[in-house]
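Start counting the sequence shown at 2; every next residue gets the next number (this note's numbering). We treat Cβ as the ideally placed atom computed from N, Cα and C, and that holds for glycine. All values derive from a computational prediction rather than experimental measurement. Here is the structure we will look at, set down as structure tokens.
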Amino acid sequence: MSSQQQTVLQKAGRLAALYNAVPNFFWTILNLTPAVYYFYLYLPLNWLWLIAPLCILPYCFKPALLDKMVISQSRHWYHRLGVHRVQQYVQHGVIINRIIRRRYPAYRIVYNKTTITRKINESYMFERFHLGMLLAFAVLTAHALVTRHWQWALLLLLCNILYNAYPILLQQYVRLRLKRLL
Numbered sequence: 002m003s004s005q006q007q008t009v010l011q012k013a014g015r016l017a018a019l020y021n022a023v024p025n026f027f028w029t030i031l032n033l034t035p036a037v038y039y040f041y042l043y044l045p046l047n048w049l050w051l052i053a054p055l056c057i058l059p060y061c062f063k064p065a066l067l068d069k070m071v072i073s074q075s076r077h078w079y080h081r082l083g084v085h086r087v088q089q090y091v092q093h094g095v096i097i098n099r100i101i102r103r104r105y106p107a108y109r110i111v112y113n114k115t116t117i118t119r120k121i122n123e124s125y126m127f128e129r130f131h132l133g134m135l136l137a138f139a140v141l142t143a144h145a146l147v148t149r150h151w152q153w154a155l156l157l158l159l160c161n162i163l164y165n166a167y168p169i170l171l172q173q174y175v176r177l178r179l180k181r182l183l
């Protein structure tokens, strides 16, 4: 690869990092704001001793355990749940990649076995993060239910589905597609 091609790919990579930060920031603010605000309003600070370990727990899970937690080995189920649609609007998603490729047509995320393996490992990391957050949101939702804050419980449940459940399914779907390429 020539140095000029490398420079172009580096510029594309920097642009991709910037563009991918936008949906990440948007979804994080949209879904974490209600959770943080609920915690601030209704929970004492010592509840962090329960929530923080739950967030960290999934980082102990090995890939083999995460692979056993998949809903299906078939893309069909993920399509029926609309996971492929979610992939349009997330970081490294269809829309972001399309925008980057307009300017840098050679830009690719996955182009050989090394990058496929890297993306598979990255998907495990993202799944662990969202699994930890799913557990934290579940505690907040349970608290809202027990204390009869029905609207908060519904909002937190919706945020948990959007910010954690679907991204977990998306990571499983991405891995399923990538493993077929190996």
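How would you label residue i, buried or exposed, when you count the other beta carbons within 10 angstroms and need 16 or more for buried?
i	result
residue 153	buried
residue 131	buried
residue 91	buried
residue 177	buried
residue 173	buried
residue 175	buried
Looking at the unbroken alpha helix (DSSP H) that takes in residue i, where does it start and where does it end?
i	result
residue 98	95 to 104
residue 26	4 to 43
residue 61	Premise fails: residue 61 is in no alpha helix (DSSP H) and is neither H nor E.
residue 153	151 to 161
residue 133	114 to 147
residue 179	167 to 180
residue 79	76 to 81
residue 109	Element bounds for residue 109: n/a, residue is neither H nor E.
residue 87	84 to 87
Can you give me the Cβ contacts of residue i inside the same chain, cut-off strictly under 7 Å, excluding the 5 residues immediately before and after it?
i	result
residue 125	64 and 67
residue 138	36, 157, 160, 161 and 165
residue 117	111, 179, 182 and 183
Expressed to the nearest angstrom, what Euclidean distance is found between the alpha-carbon atoms of residue i and residue j?
i	j	result
residue 161	residue 3	46 Å
residue 16	residue 60	29 Å
residue 155	residue 142	8 Å
residue 48	residue 40	9 Å
residue 87	residue 52	27 Å
residue 93	residue 102	12 Å
residue 70	residue 119	21 Å
residue 57	residue 75	29 Å
residue 78	residue 38	34 Å
residue 21	residue 123	15 Å
residue 5	residue 43	56 Å
residue 82	residue 73	11 Å
Go through its chain and collect everything with a Cβ distance to residue i's Cβ below 6 Å, but skip five positions before and after it.
i	result
residue 85	none
Enumerate in chain order the residues of its own chain whose CB-to-CB distance from residue i is below 8 Å, with the five nearest sequence positions on each side excluded.
i	result
residue 129	59, 60, 62 and 67
residue 95	88 and 89
Would residue i count as contacting chain B if we go by Cβ distances under 8 Å?
i	result
residue 160	Checking the listed chains, one finds no chain B in this structure; it contains a single protein chain.
Decide if the segment 140 to 153 is in contact with the segment 13 to 33; the criterion is three or more beta carbon pairs, one per stretch, under 8 Å apart.
no
State whether the segment 3 to 13 contacts the segment 99 to 114, with contact taken as three or more CB pairs (one from each stretch) at a distance under 8 Å.
yes
Sufficient close CB pairs (3 or more, under 8 Å) joining the segment 133 to 140 to the segment 164 to 173:
yes
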